[in-house]
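Encoded as structure tokens, the structure appears first; notes follow it.
There are 2 protein chains.
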Amino acid sequence: MKAIAIRRGETKPTLVDVPRPAPDDGEVLVQTLRVGIDGTDHEVVRGTHGGYPTDEDYQILGHEAVGVVVDATTTDFEEGDLVVPTVRRPPAVGSNTYFDRDEPDMAPAGEYVERGIAGAHGYMAEFFTSPERYLVSVPEEFAEYGFLVEPISNSEKAVEHAFASRSAFEWTPESALVLGNGPLGLLTLAMLNQDRGPYKSFDRTYCLGRRDRPDPTIDIIERLGATYVDSRTTPVPDIPTEYEPQDFIYEATGYAKHAFEVIEALAPSGVAALLGIPEDWTFDVDGGSLHRDIVLENKALLGSVNSHVPHFEAAKESLAEFPDWFVDELITGVYPPEAAERAFETDDGVIKTVIEFDTL
Amino acid sequence: MKAIAIRRGETKPTLVDVPRPAPDDGEVLVQTLRVGIDGTDHEVVRGTHGGYPTDEDYQILGHEAVGVVVDATTTDFEEGDLVVPTVRRPPAVGSNTYFDRDEPDMAPAGEYVERGIAGAHGYMAEFFTSPERYLVSVPEEFAEYGFLVEPISNSEKAVEHAFASRSAFEWTPESALVLGNGPLGLLTLAMLNQDRGPYKSFDRTYCLGRRDRPDPTIDIIERLGATYVDSRTTPVPDIPTEYEPQDFIYEATGYAKHAFEVIEALAPSGVAALLGIPEDWTFDVDGGSLHRDIVLENKALLGSVNSHVPHFEAAKESLAEFPDWFVDELITGVYPPEAAERAFETDDGVIKTVIEFDTL
């Protein structure tokens, strides 16, 4: 079958021909419809994040997928069911504690592999197999955009943890800021602008980027009802004076200074969720001032990575609420597997691209 | 009546003679028994924290008090009741939102004054008045040590917020580290070593200081069953390798670098509560590495200041559980108001001192 992989020593994705996987009992064989490409995929291709499966000289890419069950073996799934797979799997050797409690997203380094990212083949192939418990059913209308459930689920987790961190007192957030206008930032901004769940508390939302108008991401930000903040004219620490202090901040830039600047941009009792994964970078901070500010204003900062099944379920609800125009504008390219290299190209017009293996 | 105050322009506490306050209806007149001295009092005396009441050229010190009701006016208290006052009060001008919801500890700067610290007279006087709602009843056996309820309440809040921040998943903390072997650090260490409430989950506790043996604080740490960590031989980032990664860290040093070093010392899914209030200090951090570590290991950091009435109630339970020897060893000096200057002296043998105005 066709698959898109990165080979050891190479820095571009390649179409490869690999054997179709055969499901064991308790596993499901899924025919892939679409697989999204995100920043992590680019990092895997560049070799700055993740790693190859043991003893393999290539890794099949992709961790944001939607597909159709074609062999349900002994599972409760039925042929024709539409499914989205989760990403983390138990390692070949080591503890399964976090998987046993259905919280693989909380597993520490070394206690998981990640399909398409670290130590396991991904979903960018005509078929993939998965144990039943790692597949989430989605409705038929998700055939085109169901691959977005995975990235949204990461933000659902971050929001859940952020609200939990403020649950010991009466927290009434009104303002929310997303750092980053890449696809994850825009998906999160759409999520925060819903009128359901914890999101309905946000009256005003902001999204930070560094683009000149006219720009399709700025158009999306404004059409969602949010305010675009240009980081070149308004650095993060200036946001409280230029706009307003932020009750919730979601960081999706991977820019390490943002992890510290958010403290200054938070409102009292505010919380920032960090999701970026920067490389080492040493710089100056006024640590005394930041430390004092966190304490005297009861601020919080938390890191969040990956997600588990209930976050996928929440993400399904969010995706169903998104306006149709939003996903249409977000997806700027749908490519066949043969055009993988082009699907991974990034230029100013590109927001999010997807590989289409099949359609319903 | 006698009171201990700091006068504008001076850097030592002085015994002053001021009029006895008269309670309004709904207020209580309290005869002070004991008032503890802590690091914040020293900062107020040095002029590095807090501020004088408007239009006053002195401030009565003290925010950790226990006393007896001598005039209950129209309140539900009765003469002879033992009480501990909370610290924050609404400002003369401004919003009372946080007081209306009984969460004054979550009020931002400018929306509160603090008795004995910022903008209001404290409790280091023979008598003080307070509205009924800011007084917490304590049992008669708290006459000597009831002033400890206030500092313990700050740690109860920090622990409550820390556990809340980890409530979205199955958190099973086992190890806890207190940074600082001052009185607040030792009180918190005793709290974490209780076999009740959330504390019973901690199997192993550690306390960081920078003292040579023999030292009374090290004796207390070890008698509590905790491990003493000397920061001169084991800096905070080395604690995971020298001892173990820490599920919970409580910072009570006010040393700004600790706010960042705790990230390295935390176990995956761990949380650090910061309580110190350092002055400005710019230094280098590997912000990229810290940011990545927070995210990939789902760590959290939160600031916590002050406390509200339910935290005082929790503190009463903790104080009642402390072994008798602990409070006896912790309080290294009980001084009459006339010896205030001496009560504020710090040398190696001093852990915590208290001014005694009266006894039951």
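Chains as they are written, first to last, in this note's numbering: chain S, 2 to 361; chain L, 2 to 361.
We treat Cβ as the ideally placed atom computed from N, Cα and C, and that holds for glycine.
Within chain S, the residues that residue i reaches when beta carbons sit closer than 9 Å
i: residue 277(L); result: 292, 293, 296
Closer than 7 Å at the beta carbon, the chain S residues around residue i
i: residue 169(L); result: 161, 162, 165
i: residue 261(L); result: 288
i: residue 107(L); result: 170, 270, 299
i: residue 257(L); result: 288, 289, 292
Chain L contact for residue i (CB, 8 Å cutoff)
i: residue 299(S); result: yes
i: residue 188(S); result: no
i: residue 353(S); result: no
i: residue 121(S); result: no
i: residue 305(S); result: yes
i: residue 267(S); result: no
i: residue 302(S); result: yes
Other residues of its chain near residue i: CB distance less than 6 Å, five sequence neighbours each side excluded
i: residue 154(L); result: 308, 312, 313, 316
i: residue 100(S); result: 91
i: residue 167(S); result: 272
i: residue 330(S); result: 221
i: residue 299(L); result: 270
i: residue 246(S); result: 268
i: residue 164(S); result: 199
Cβ of residue i within 8 Å of any chain S Cβ
i: residue 102(L); result: yes
i: residue 88(L); result: no
Residue i: first and last residue of the uninterrupted alpha helix (DSSP H) it sits in
i: residue 343(S); result: 341–344
i: residue 331(S); result: 325–331
i: residue 40(L); result: 40–47
i: residue 362(L); result: Limits of chain L in this structure are 2 at one end and 361 at the other, which puts residue 362(L) out of reach.
i: residue 365(L); result: Because chain L here runs from 2 to 361, residue 365(L) falls outside it and cannot be looked at.
Contact set between residue i and chain L, taken where Cβ atoms lie within less than 7 Å
i: residue 281(S); result: 287, 289, 290
Neighbourhood of residue i by C-beta distance below 7 Å, restricted to the same chain and skipping five residues each side
i: residue 310(L); result: 87, 103, 137
i: residue 333(S); result: 350, 351, 352, 353, 354
i: residue 122(S); result: 54, 60, 61, 116
i: residue 70(S); result: 29, 31, 78, 79, 80, 81, 82, 84
i: residue 343(S); result: 336
i: residue 172(S); result: 270
Neighbourhood of residue i by C-beta distance below 8 Å, restricted to the same chain and skipping five residues each side
i: residue 133(L); result: 27, 28, 29, 76, 77, 78
i: residue 219(L); result: 182, 210, 212, 229
i: residue 175(S); result: 202, 203, 204, 205, 248
i: residue 120(L); result: 51, 52, 53, 54, 55, 92, 114
i: residue 252(L); result: 180, 181, 259, 260, 263, 273, 274, 275, 276, 277
i: residue 43(S); result: 345, 347
Residue interval of the beta strand (DSSP E) (run including residue i)
i: residue 356(L); result: 353–357
i: residue 106(S); result: Where residue 106(S) is concerned, there is no enclosing beta strand (DSSP E), given that its DSSP letter is neither H nor E.
i: residue 285(L); result: 283–287
i: residue 59(L); result: 59–61
i: residue 177(L); result: 176–180
i: residue 30(L); result: 28–37
i: residue 86(S); result: 83–86
i: residue 69(L); result: 65–72
Residue i: CB within 7 Å of a non-hydrogen atom of the ligand NAD
i: residue 138(S); result: With respect to small molecules bound, the structure shown includes none, and the ligand NAD cannot be examined in it.
Beta-carbon neighbours of residue i, restricted to chain S and to distances below 8 Å
i: residue 284(L); result: 285, 286, 288
Which of helix, strand or coil DSSP assigns to residue i
i: residue 157(L); result: helix
i: residue 251(S); result: strand
i: residue 5(S); result: strand
i: residue 347(S); result: coil
i: residue 95(S); result: coil
i: residue 124(S); result: coil
i: residue 319(S); result: helix
i: residue 228(L); result: strand
i: residue 134(L); result: helix
i: residue 170(S); result: coil
i: residue 146(L); result: coil
i: residue 100(L); result: helix
i: residue 141(S); result: helix
Chain-ordered chain L contacts of residue i [CB-CB under 8 Å]
i: residue 110(S); result: 269, 297, 298
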